[in-house]
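One structure is given here, and the rest of the page talks about it.
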Amino acid sequence: MSGQAVLGVEKALFLYGTSKVFEGVSLQLDAARTALVGENGAGKSTLLKCLLGELELDEGQTIKSRGLKIGYVPQDVPPGLGDRTVREVLESALPLTDGSEDWKVDVLLDEIGVSYETAQQTFGSLSGGWQRLMLIAAAAKLAEPDLLILDEPTNHLDLSNINTLESWLSDDDRLPMLIVSHDREFLERTTTRTIFLRSDGAHSFSVPFSRAREQLLH
Numbered sequence: 072m073s074g075q076a077v078l079g080v081e082k083a084l085f086l087y088g089t090s091k092v093f094e095g096v097s098l099q100l101d102a103a104r105t106a107l108v109g110e111n112g113a114g115k116s117t118l119l120k121c122l123l124g125e126l127e128l129d130e131g132q133t134i135k136s137r138g139l140k141i142g143y144v145p146q147d148v149p150p151g152l153g154d155r156t157v158r159e160v161l162e163s164a165l166p167l168t169d170g171s172e173d174w175k176v177d178v179l180l181d182e183i184g185v186s187y188e189t190a191q192q193t194f195g196s197l198s199g200g201w202q203r204l205m206l207i208a209a210a211a212k213l214a215e216p217d218l219l220i221l222d223e224p225t226n227h228l229d230l231s232n233i234n235t236l237e238s239w240l241s242d243d244d245r246l247p248m249l250i251v252s253h254d255r256e257f258l259e260r261t262t263t264r265t266i267f268l269r270s271d272g273a274h275s276f277s278v279p280f281s282r283a284r285e286q287l288l289h
């Protein structure tokens with residue numbers, strides 16, 4: 072299904088109590104690498120959770136292709152990983168759990184320059200940036216998703232790690248993505264489509280962030 076991912080919402084309304092988080096939002100994700108941009112409080116993370124089925128809309132509907140496999144890396148490292156080894160965390164992303172695909176972890180570790188000794192360390196011993204990189208690598212390269220969703224992927228990353236992440240995401244431009252980020256330069260280099268989430272709905276442009284922003288303002 073890769074390259075044909077379909078996920079979206081139609082006429083979506085989400086309330087927090089009696090306050091509208093967003094209203095009248097319609098969008099569809101396809102084969103593009105899409106940036107989701109909005110001011111703080113615009114509801115980007117809430118919209119992601121609605122797309123993932125973690126929250127329900129108050130009005131409207133969520134659209135999801137049957138069998139669509141989503142890889143998702145949230146802003147914060149999920150709890151419960153710190154005491155597991157780096158290798159165990161990566162292995163948990165494999166589609167098959169019978170050990171037949173463990174060799175893919177070896178290939179990935181070699182590709183990203185992680186030594187055997189580091190792979191045996193606890194995940195919690197890594198820096199916050201490297202924890203994020205490992206989770207993104209697992210989601211993108213091991214889990215074999217049809218669509219990859221990244222929420223603020225450059226958080227806690229230094230410039231070197233951001234460059235590494237950009238390189239990884241560029242390796243396979245066939246993987247559809249939705250990226251939420253305040254790092255405009257990162258979005259410019261990694262996405263080809265931009266959706267602005269605003270109080271009056273979602274505005275979509277089939278160009279990277281800077282050109283999309285110019286079109287939005289004009």
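Okay, so the sequence shown: first residue is 72 according to the working numbering, each after it adds one.
Just so it is clear, CB atoms sit at the ideal spot from N, CA and C, and this is done for glycine as well.
Same chain, Cβ closer than 6 Å to residue i, neighbours up to 5 away in sequence not counted
{"i": "residue 166", "result": "215"}
{"i": "residue 136", "result": "77"}
{"i": "residue 164", "result": "209, 213 and 214"}
{"i": "residue 221", "result": "144 and 250"}
{"i": "residue 148", "result": "202"}
{"i": "residue 93", "result": "85 and 114"}
Cβ-based neighbour list, residue i, same chain, cut-off 7 Å, excluding 5 preceding and 5 following
{"i": "residue 98", "result": "79, 80, 266, 273 and 275"}
{"i": "residue 233", "result": "225 and 257"}
{"i": "residue 227", "result": "199, 200 and 203"}
Alpha carbon of residue i to alpha carbon of residue j, nearest angstrom
{"i": "residue 88", "j": "residue 205", "result": "37 Å"}
{"i": "residue 50", "j": "residue 174", "result": "Since the first residue shown for the chain is 72 and the last is 289, residue 50 is missing from the structure and cannot be characterised."}
{"i": "residue 72", "j": "residue 100", "result": "Because the pLDDT of residue 72 is 45, which lies under 50, any placement of that residue in the model is unreliable, and the question is left without a value."}
{"i": "residue 329", "j": "residue 170", "result": "Residue 329 is absent from the structure shown; the chain starts at 72 and stops at 289."}
{"i": "residue 187", "j": "residue 119", "result": "35 Å"}
Own chain partners of residue i with C-beta closer than 8 Å, once the 5 adjacent residues on each side are dropped
{"i": "residue 74", "result": "With a pLDDT of only 47 at residue 74, under 50, the local geometry of the prediction cannot be trusted, and no value is derived from it."}
{"i": "residue 158", "result": "176, 180, 190 and 191"}
{"i": "residue 253", "result": "223"}
Rounded distance between the beta-carbons of residue j and residue i, thought under 8 Å
{"i": "residue 139", "j": "residue 161", "result": "At roughly 23 Å, the Cβ-Cβ gap does not stay under 8 Å, so residue 139 and residue 161 are not in contact."}
{"i": "residue 300", "j": "residue 129", "result": "Outside the displayed range of the chain (72 to 289) lies residue 300, so it cannot be described from this structure."}
{"i": "residue 264", "j": "residue 277", "result": "5 Å"}
{"i": "residue 121", "j": "residue 133", "result": "6 Å"}
Those residues which DSSP pairs with residue i across a bridge
{"i": "residue 87", "result": "90"}
{"i": "residue 81", "result": "132"}
Unbroken stretches of the beta strand (DSSP E), 3 residues or longer, contained in the stretch 104-161: 104-108, 130-135 and 141-144
Minimum length 3: unbroken beta strand (DSSP E) runs contained in the stretch 216-262: 218-222 and 248-251
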